[in-house]
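Report on the following structure.
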Amino acid sequence: MAFAGSVFSPYYASGYRAEPLDHCALNVALYGRNARWTMTERGTEAVSRERQEFRIGPSGLRWEGDTLVIDIAETTPWLRRKVRGTIRVRPEALVDRPLALGRNERHFWWPVAPCARIEVAMDEPEASWSGCGYLDMNVGAEPIENGFSHWDWSRATLKDGRTVVLYDLMPRDGAPNSLAVAFDPDAEVSEIDLPAPANLPPTLWLMGRRTRADAGTKVRVRKTLEDTPFYARTRLSTHLFGEEVEAMHESLSLDRLRSPAVQFMLPYKMPRLADRRTKPRVPWPIAARPSGDR
């Protein structure tokens, strides 16, 4: 994930009306035997953004024709292990407009390429694979934790090639809002009937997780990939529209994210590299900062 004005950054949260490009990061998560995780934040002196390219320090994203190329040159925190490689995303369908999340239209989700093929070639650690891919983006006119208290998201690919995305949102200023959208490789977008709610077991951090599935079927957690105080990423075995499918699922608690305890812990997981002229600073708790756009 590439962040311009990282929603999870304690440094960005503490800077009232901060410049988004001064808080950019590339998050890389590899699972399995050679697991690696990195999300180093960089400031404006290490960031450049053009129509076809977005550079974040030594890493970056660029379009080569109709292929998105992601160059990874990062280092993990603490153990300082290198993460080097290239990802190529080839869209099979492009969506030309974002969708509003919530009735106030201050947050938008843009499923840029909901149907895609992906090729991963990692040098450090050495690994490669290919398969179904997905590319989207989110943008907001206010901090995400101002608009929502919790959300659940999931994505699955059906046998006919369609990608199904489910959103369950808890806005702070209204009733819960749910969204079910299907995308096919011909770039047709259609809202579909919401499957039935389905509960999932909490994580080790007691993060609540919910999803949707065909009524009367069971959803099984295959593996919890990310387990943090405010965020969980999970592989699911589920049933959607009469098919047994594997889904990628995410749960995000914005109430937990904005807590001072979580904000205190984040810099240890998400270090910041900035110009030497920038003095180190301890982020203010996100709950105590003035409200306003960012």
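For reference, each letter of the sequence shown is one residue, going 28 to 321 in our numbering. Note that CB positions come from ideal geometry on N, CA and C, so glycine has one too.
Listed in chain order, the non-local C-beta contacts of residue 199 below 8 Å within the same chain comprise 173, 174, 175, 176, local neighbours out to five positions each way being set aside. Bridge partners of residue 50 according to DSSP: none are assigned.
Taking 8 Å as the upper bound for CB-CB distance, residue 227 and residue 257 are not in contact here, some 16 Å apart. Separation of residue 225 and residue 101 (C-alpha to C-alpha, rounded to the nearest whole angstrom) is 37 Å.
With respect to the C-alpha of residue 273, the residue from 152, 84, 185 having the closest C-alpha is 185. With respect to residue 118, residue 148 sits apart: the two C-beta atoms are not nearer than 8 Å. Runs of the beta strand (DSSP E) lying entirely within the stretch 183-264 and spanning at least 3 residues, in chain order: 190-198, 204-210, 216-218, 223-227, 236-240, 247-254. As computed with DSSP, residue 179 is found in a beta bridge with 195, 278. In this structure, the straight-line span from the alpha carbon of residue 196 to that of residue 152 is close to 36 Å. In this chain, residue 38 is not harboured by any beta strand (DSSP E); it is covered by the alpha helix (DSSP H) spanning 37-40. In this chain, the beta strand (DSSP E) harbouring residue 161 covers 154-167.
178 is the residue among 296, 178, 295 whose C-alpha sits nearest the C-alpha of residue 281. Taking a contact as a CB-CB distance under 8 Å, the pair residue 249 and residue 277 does not count as one, their CB atoms being some 14 Å apart. With respect to the C-alpha of residue 131, the residue from 168, 230, 146 having the closest C-alpha is 168. Closest by C-alpha distance to residue 116, out of 139, 135, 45, 166, is 139.
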